[in-house]
Every structure is written in structure tokens, then in C-alpha cells.
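Asks: What follows is a structure written as C-alpha cells; I'll ask about it next.
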Amino acid sequence: MEKTKMKSIELKCIKQDFNGNGIVKYNNKEYEIPNMLPEEIGVFSIAKDQKVPVKLEKIINRSSSRINSQCQYFESCGGCQYQHMSYDAEIALKEDYLKNLYQSFKGITIKPLNKMPNPYNYRNKCQMTYKLSKTHNVVCGFYEEGTHKIVPVSNCKIQATKATEVINAFNKVLTKNHIEPYNEKTRKGIVRHVLVRYGFNSKEILLVIVTNGDFFPGSKNVCKDLINLNIGITTIVQNINPRQTSIVLGDKERVLYGPGFIYDTIGKLKFKISSRSFYQVNTIGMNMLYKKAIENANVGPSDILLDTYCGVGTIGLLASHACKQVYGVELNPDAYHDACLNARINNIKNIKFFNDDSTKFMTKLAAAGEHIDVLIMDPPRDGSTDQFIESVGKLKPKRIIYVSCDPKTQVRDLYKLSNVGYHLNQVEAFDMFPRTFNLECIATLSYKNDKKNDYK
3 MEKTKMKSIE LKCIKQDFNG NGIVKYNNKE YEIPNMLPEE IGVFSIAKDQ KVPVKLEKII
63 NRSSSRINSQ CQYFESCGGC QYQHMSYDAE IALKEDYLKN LYQSFKGITI KPLNKMPNPY
123 NYRNKCQMTY KLSKTHNVVC GFYEEGTHKI VPVSNCKIQA TKATEVINAF NKVLTKNHIE
183 PYNEKTRKGI VRHVLVRYGF NSKEILLVIV TNGDFFPGSK NVCKDLINLN IGITTIVQNI
243 NPRQTSIVLG DKERVLYGPG FIYDTIGKLK FKISSRSFYQ VNTIGMNMLY KKAIENANVG
303 PSDILLDTYC GVGTIGLLAS HACKQVYGVE LNPDAYHDAC LNARINNIKN IKFFNDDSTK
363 FMTKLAAAGE HIDVLIMDPP RDGSTDQFIE SVGKLKPKRI IYVSCDPKTQ VRDLYKLSNV
423 GYHLNQVEAF DMFPRTFNLE CIATLSYKND KKNDYK
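Positions in the sequence shown are counted from 1; adding 2 to them yields my numbering.
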């Protein structure tokens, strides 16, 4: 077979998309080039009988924003998008993205993006997957983007350094005790995943070992070896997940050492964290985010606050001291029980939680003609629902604080809230997940007593 003839061509990166790809133009078409930065010139190989750039061979004109990635796994892992660019350049890209998203709203203030003091080693929750290599060594890492192939990772740069220390120690203990990782094809082996949750403030550590079934030979020796290392492990839990699924955690757990959970603090409050607890992965960013949400809520001693999609009740509990009464609504039963427990732990009496769907709860409140003064809504990535927003229009809280982990779905919902009588005052974003394209945004809205569209 005749070998395809290739030619080389130089192309300039004209812009960058939010996924971290550079965009080059060739034959009047735009192409996404991973990890290329604006104004850079690259040499591409192109098949002579094709009109598509095949491969970026090298960059001959580096951007001043380019840095050498601190992460050796960056190009294969797929967990981060911006390891190849300076943090200032990342912030600028995110700010432009936000301005373009929210620019259609009249009179809105888009505040500068809140940066993290350190864009590395911030994750308090770390989760990794196992397999056995062809040479029968334990392989621990992350799935390569878009595949089921595990990229071996021993030092993730955005994980807490303490979590990395614990996982690496656990890997050595597995090898020492001859405990095999799970094999997806044969469905044999023991350990499927490991999960570490680290209290940045309390310094407590929860290690969760996800196994293929109840059978965990050598578990006592594993625990003994880990504790003898004196690396600060507070508790060890076996999570049992025998299902053929990409979902990490199973329904059944067994405490192998310690209480089975840890505590961490936010402000003056203490929160319980178990394997399934929802707890923001960036502790420093979480403090900044929740402080701003409560500040913008501006509740007073006679106000009733409703915290919807409330998770373990964090925002409502933190705001409870400033208002008359707080109600929290959470569908997930584990998170609901944690929220109730967190209220008891902190001796907070003026808060009540409901294990219910937030949309259904709002619909019932609106039908009953109940009164709320301030609404907190922190929906999942998909955003809220039309029925929820219709109920907001009937309840007419004077202020809404909308916390979102997806600005696109937030913008969609903000248009709808405008149509039921709300004015968007400001948006403030927090770079909770540096080196990745994820953001948290707080939108502050006030009731304007008319239903004229609030966008251009």
C-alpha cells in the first residue's frame, strides 16, 4: 500500500474556546487544536489529498501566557483544561466567557472573578480507579477523557497533598498484602476505587475503599498497616459495589476503623462528612462563596429564608443566626439526614429541613399561599424547572440568591425569572475549580413588581 504523502504548513491560532482548545483557520474552516493558545504559530502536518490539518507537530511562536504544565499527566488525563497557561490568562478567559453569557441583561453588574490564592492542591475530595497491569502491578489513576482507559496518576496537582499521600500509601499497602484490583472484563478482583475526603480545617481524613463485594480478605491487615503509618487517617470505610456500572459508590457500607465519618468546619459551624455527603470540593473557595451568598441575601431578624436544593444545609445553617426562621429542602435522603444532624451538632433551633423535591415543595408552598422573604436556590448542573420558577413568581420573595455550577443553565433560568417579575442586580463568579473550565456563580435578584423583560 502506498504511504500517504504529507506536507507541512504553518497556521496561527486566532482564538481560544472555553474548553481550552486553540482555534486555527484553514481553507476557510475553523479547527479545534488542543492546548494551543491565541497568537501562537504552529507547524501542522497535512495529507496532500486532504484539506484538514492532521496533527500539530510543534509550536514555533509561543504565547507569553504559556507555561510548562506542573502536571505530567495533563495531555493524557483530561481532568484539567488549563494547565498549559498562566493562572492570570485562565482568569481572563473565564471573565470574557462570563461577560459574553450575561451581557444581554440590562443594568447588570458583573463583578471580577474571585481568584483562588493557590490554583493547585485545593481538592478536599479525591477519587481514583484501579486495575491490574499486564505485569500484575497495581495501577491507580483516572479515566482518560472519552475512554475507559486508566491513566496511572501518582501526583494529581489539584488534589490536596495530604490526599495524595494517603492514596499512595494505600497503593503500597495493597501491593504488600497481595490484594488485587478489580478487573472489569472478568469481574474478578477486590478493589475498584478509592475515595479520600480531607477536612482542610479539621485535618481529619476519611478513606473509603470501594470493593467488588462483601469479601475483603486481609482488610484487618490493610487497616493495621495504614494506621501504623501515622499519616493522619481518622476513619476507614469499606463501600460495597458489585454492580456493573460507572457509578463509584454502592449502597452498602461497613466501617473498618474509626467512626465512619469526619467533621470539618465552615466559619464557626461544624459539618459531618461521610462518603456520600455533598460538600464543596474547594474549602477555601466554599468559604468565599457562601460568605458572599449570605451577604447578598441580606436577611434580617424578622425574615423567613427558604434554602432549596440545600444539600447538607450549609448555606441555611450559616445564615440562620441572622434571620427569624430557615427552611431547607433536599431530595437526597442521605444529604437530608446529614442536614438534620448538622443542625443538631451546632445546636441551631430555628431551622427545619424537608426531604422533598424542591419543585414539588415550591408548588405546594405557592398553592397554600405561604410567605417567604428570601429564597436561596442552588440547583444541580441542569438548573431549575419551569414549575419551580412559576412558583417563585407566585410566592414573590423580595430577594433571590441563585448559586449555580453551570453559568449556561443559570442564564436560561435568569431569563425565566425576569419574566415572573425579577430584576438581575449582579453576578459574581468564583473560581472554585482552578485549571478546569468549571465555575460557581452567584446571581442576586430582587422583585421588581412588574413582568417586563429584563434583557436586551
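Just so you know, even glycine gets a beta-carbon here, dropped at the ideal spot from N, CA and C.
(1) Anyone know if the C-beta pair for Y84 and G44 falls short of 7 Å?
(2) Is there contact between the region 94–109 and the region 141–161, where contact requires at least three CB pairs shorter than 8 Å?
(3) Count the other CB atoms within 10 Å of the CB of L13; is the residue buried (16 or more) or exposed (fewer)?
(4) When DSSP builds the beta bridges, which residues end up paired with M364?
(5) Could you give the C-beta distance for N126 and R199, rounded to a whole number, given that I count them as a contact under 8 Å?
(6) Mind checking which residues open and close the beta strand (DSSP E) that includes H195?
(7) Using DSSP with H/G/I as helix, E/B as strand and the rest coil, what is A162?
(8) Within the continuous beta strand (DSSP E) that includes E59, where are the two ends?
(9) Taking all protein chains shown into account, decide if D384 is buried (16 or more other Cβ within 10 angstroms of its Cβ) or exposed.
(10) Do I16 and F46 have their C-beta atoms closer together than 7 Å?
(11) Across which residues does DSSP place A49 in a beta bridge pair?
(12) So that I know if they touch, is there some Cβ in chain B lying closer than 7 Å to that of T137?
(13) If you compare alpha carbons, which of L231, G215 and F435 is closest to L115?
(14) If you drop the 5 nearest sequence neighbours on each side, which residues of the same chain put their C-beta closer than 7 Å to that of V153?
(15) Whose CA, out of L197, M87 and N123, lies closest to the CA of T131?
(16) Quick check: what's the CA-CA separation for A171 versus I286?
(17) Return yes when the Cβ of K396 is within less than 7 Å of the Cβ of A370, no when it is not.
(18) How about Y404 and G423: do their beta carbons lie closer than 7 Å?
(19) Between H150 and A321, what straight-line distance do the alpha-carbon atoms span, to the nearest angstrom?
(20) Given a threshold of 16 other Cβ atoms within 10 Å of its Cβ, counted over all protein chains shown, does I242 qualify as buried or as exposed?
(21) Taking the straight line between their C-alpha atoms, what separation do you get for M3 and Y89?
(22) Beta carbon of N357, beta carbon of P382: below 7 Å?
(23) Assign S135 to one of two classes, buried (16 or more other C-beta atoms within 10 Å of its C-beta) or exposed (fewer than that).
(24) Assuming contact is defined by CB atoms lying nearer than 7 Å, are C225 and L176 in contact in what I supplied?
(25) Go ahead and label I444 buried or exposed: buried means 16 or more other beta carbons lie within 10 angstroms of its beta carbon, across all protein chains shown.
(26) Roughly how many angstroms lie between the CA atoms of C73 and M118, to the nearest whole one?
(27) Measure the C-alpha to C-alpha separation of N223 and N179 and round it to an integer number of angstroms.
(28) Considering only C-alpha positions, which residue in the set V212, F273 and Y292 is nearest to A431?
(29) Identify every run of the alpha helix (DSSP H) within the region 386–433, keeping only runs that are complete inside it and at least 4 residues long; order them along the chain.
(30) With a threshold of 16 other CB atoms inside 10 Å of the CB of K400, please say whether the residue is buried or exposed.
Replies: Put simply:
(1) no
(2) no
(3) buried
(4) BP columns for M364 are empty, so no partner.
(5) 7 Å
(6) V193 to Y200
(7) coil
(8) K57 to N63
(9) exposed
(10) no
(11) M8
(12) Absent from the structure is chain B; it holds one protein chain and no more.
(13) F435
(14) Y75, S78, C79, G143, F144 and E146
(15) L197
(16) 26 Å
(17) no
(18) no
(19) 43 Å
(20) buried
(21) For M3, the predicted model reports a pLDDT of 44, less than 50, meaning its position is unreliable; a value from the coordinates is still stated below. Rounded to the nearest angstrom, the two C-alpha atoms are 48 Å apart.
(22) no
(23) exposed
(24) no
(25) buried
(26) 18 Å
(27) 8 Å
(28) Y292
(29) 388–397 and 409–421
(30) exposed
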